[in-house]
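Residue numbers (the numbering used here): 11 to 288.
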């Protein structure tokens, strides 16, 4: 399972910020004013002013502001880090039905950094967020079903939630679907479908997708073996720092199967052709 950390939450911040703006209606007209002003200041990177304005709105029970202030307090944006305040506001926002806050709470309980680890509570919050359309929550919930963390193991449920997240464009979910098709987990083994998911991820710059296609080409899974193209995939993923591809490439170079990449032109050529396995 992909390890979820509070750093992972930070990477979600822009997506979750936008999602929070579509949450339930604001409590009062004054809350509307302070919230809108706070969001404007946030987008202008005036984080200290944004924090104060959003806090005013959060204190008036605006669950969108509660989420955003909780996020800022958690990561020290516009204020010093305030984990207890962050947890308080994120909990209030999640209980009020904010999908982004629900997703945060799921990850918080799964990690056990701000609270005692509780996989059952993590699954509960992630399910709520997933049902409310948060792609990251759908993906993380699918991983819980794969591993039986806080829920009964279910490859059917895992596939369902990976599909939902993939439909929203989440690359990690597409990679997971590719793996399920490649290995025949819940679905009938289908190398072509697996490669299609991997290729989409590779075209979006995901080195795991590049590496997986390289492995399929190397062993002839789903199509004819092509070590030259496999080496191109491994090379491109290795250039992005993907360790498995670096290891594979070193071994294949030692065996004389792949050639060491010596020039920028060769590197560029490898990257230009690496996403066309068929």
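Heads up, the beta-carbon is just placed ideally off N, CA and C, and yes, glycines get one too. Remember, it's a predicted structure, so these values are computed and weren't measured experimentally.
For residue 231, the three-state secondary structure derived from DSSP is coil.
The C-alpha of residue 181 is placed about 6 Å away from the C-alpha of residue 211.
123 is the residue among 106, 162, 123 whose C-alpha sits nearest the C-alpha of residue 94.
In the three-state reduction of the DSSP assignment, residue 163 falls in the coil class. Per DSSP, the unbroken alpha helix (DSSP H) holding residue 241 starts and ends at 237 to 249. Look at residue 200 here: in three-state DSSP terms it is coil, with no helix or strand label.
In this structure, the straight-line span from the alpha carbon of residue 200 to that of residue 245 is close to 26 Å. Sequence-distant Cβ neighbours of residue 98 in its own chain, meaning closer than 8 Å and more than five residues away, are 80. Distance from the Cα of residue 83 is smallest, within the candidate group 76, 77, 91, for 91.
Less than 9 Å separates the beta-carbon of residue 218 from that of residue 185. Minimum Cα-Cα distance from residue 51 among the listed residues 88, 74, 73, 76 corresponds to 88. The C-beta distance from residue 111 to residue 85 rounds to 14 Å, too long to fall under 8 Å, and the pair is not in contact. Secondary structure of residue 147 (DSSP, three-state): helix.
Between residue 59 and the set 189, 156, 44, the nearest pair of CA atoms involves 44.
Sequence-distant Cβ neighbours of residue 152 in its own chain, meaning closer than 8 Å and more than five residues away, are 167, 168, 169, 170, 171, 172, 175, 183, 186. About 7 Å separates the Cβ atoms of residue 207 and residue 191, confirming a contact at the 8 Å cut-off. If you look at residue 77, you'll find it in the alpha helix (DSSP H) that goes 73 to 85. For residue 65, the closest of 55, 46, 54 by C-alpha to C-alpha distance is 46.
By the neighbour-count criterion, in which a residue is buried when 16 or more other Cβ atoms sit within 10 angstroms of its Cβ, residue 109 is buried.
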